[in-house]
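All remarks here apply to the structure that follows.
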Amino acid sequence: MQSRNFPPLENEDKEQPKFSRIQRHKSSFEEDEERQPRARKRHQRRSTEETFKCRHCRRFVTPPLSGSLHRNHCPYCLYSRHVDGQRSGDRRSDCGAPMEPIGSFQRPNGEHVIVHQCAGCTLERFNRIAADDDFELVLALPAVTPRTSRDMKLKRLSVLAEVWQQEEWQTEETPVEIHV
3 MQSRNFPPLE
13 NEDKEQPKFS
23 RIQRHKSSFE
33 EDEERQPRAR
43 KRHQRRSTEE
53 TFKCRHCRRF
63 VTPPLSGSLH
73 RNHCPYCLYS
83 RHVDGQRSGD
93 RRSDCGAPME
103 PIGSFQRPNG
113 EHVIVHQCAG
123 CTLERFNRIA
133 ADDDFELVLA
143 LPAVTPRTSR
153 DMKLKRLSVL
163 AEVWQQEEWQ
173 TEETPVEIHV
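Under our numbering, the residue at position 23 of the sequence shown is numbered 25, and the numbers go up by one with no gaps.
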């Protein structure tokens with residue numbers, strides 16, 4: 003018959019640890035409370051609670067009531083400004099031109115999206131409608147085919163590739179033979 007290995011009893015002469023498991027966790031928890039919280043810079047979005055005056059309809063626009071951390075467009079006329087760079091809400095664009103609502107579409111989940119086109123650089127952006135947007139204006143916009151920003155990037159790349167090929171063909175010169 004094999005004997006089982008049981009943990010030592012408290013009464014045995016073996017040396018006991020200074021802290022029990024519960025005390026160790028408690029002490030590390032207390033240390034965590036004393037530490038300063040780390041700032042999350044990359045993944046944390048800032049709320050841009052700013053009131054602004056729409057440059058198109060000249061009405062004052064307040065921060066969104068719900069559903070978003072930042073406002074992308076005027077809820078009264080649906081116009082926007084090209085202020086965001088790579089990410090929505092980063093406010094890092096150098097363009098600053100007005101963005102006209104050129105159409106809308108509905109995603110498969112039923113969400114309505116407004117398509118804005120920049121008057122300065124012709125960039126297209128897709129913005130979800132906000133709860134306080136004038137829904138009649140959204141429905142009055144021309145319906146466009148649903149697309150994603152990835153589709154638009156591929157379209158721009160294909161246009162650039164065509165332009166590059168045309169320029170390459172135009173600059174090709176026939177080799178000149180030099181006789182010495």
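Note that the Cβ used here is the ideal one computed from N, Cα and C, for glycine as well.
Cβ shell of residue i (< 7 angstroms), same chain only, five flanking positions each side left out
| i | result |
| --- | --- |
| Gln168 | none |
| Gly105 | Val117, Leu143, Pro144, Ala145, Val146 |
| Cys120 | His84, Cys97, Ala99, Met101 |
| Arg109 | Val115, Pro148 |
| Leu139 | Leu80 |
Cβ neighbours of residue i in the same chain (closer than 6 angstroms, five flanking residues each side left out)
| i | result |
| --- | --- |
| Leu125 | none |
| Ser29 | Confidence at Ser29 is low in this model, with a pLDDT of 48, below 50, so its placement is unreliable and the value that follows should be read with caution. So no residue of the chain qualifies. |
| Trp166 | none |
| Asp135 | Pro77 |
| Arg61 | Tyr78 |
Where the alpha helix (DSSP H) through residue i begins and ends
| i | result |
| --- | --- |
| Glu102 | Premise fails: Glu102 lies in the beta strand (DSSP E), 100-108, not in any alpha helix (DSSP H). |
| Glu138 | 137-142 |
Residues near residue i by beta carbon distance below 8 angstroms, same chain, minus five either side
| i | result |
| --- | --- |
| Arg57 | Tyr81, Arg83, Pro100 |
| Cys123 | His84, Cys97, Ala99 |
| Glu170 | none |
| Arg93 | Thr50, Val85, Asp86, Gly87 |
| Lys55 | Arg61, Phe62, Val63 |
| Leu141 | Ser106 |
| Thr53 | Phe62, Val63, Thr64, Pro65 |
Unbroken beta strand (DSSP E) run spanning residue i, endpoints
| i | result |
| --- | --- |
| Val146 | No beta strand (DSSP E) holds Val146; DSSP gives it neither H nor E. |
| His118 | 114-120 |
Nearest-angstrom beta carbon gap, residue j and residue i [assumed within contact, 8 angstroms]
| i | j | result |
| --- | --- | --- |
| Ala132 | Pro66 | 5 angstroms |
| Glu102 | Arg130 | Actually they do not touch by this definition, with Cβ atoms about 17 angstroms apart. |
| Ser90 | Asn74 | 7 angstroms |
Which residues DSSP lists as bridging residue i, in chain order
| i | result |
| --- | --- |
| Asn74 | DSSP, once it has assigned bridges, lists no residue as partnering Asn74. |
| Ser82 | His75, Met101 |
| Arg93 | DSSP output for Arg93 lists no bridge partner at all. |
| Asn129 | Ile116 |
| Val63 | Phe54 |
Near the ligand ADP: residue i beta-carbon under 7 angstroms from a heavy atom
| i | result |
| --- | --- |
| Ser106 | Ligands are entirely absent from the displayed structure, and the ligand ADP is therefore not among its contents. |
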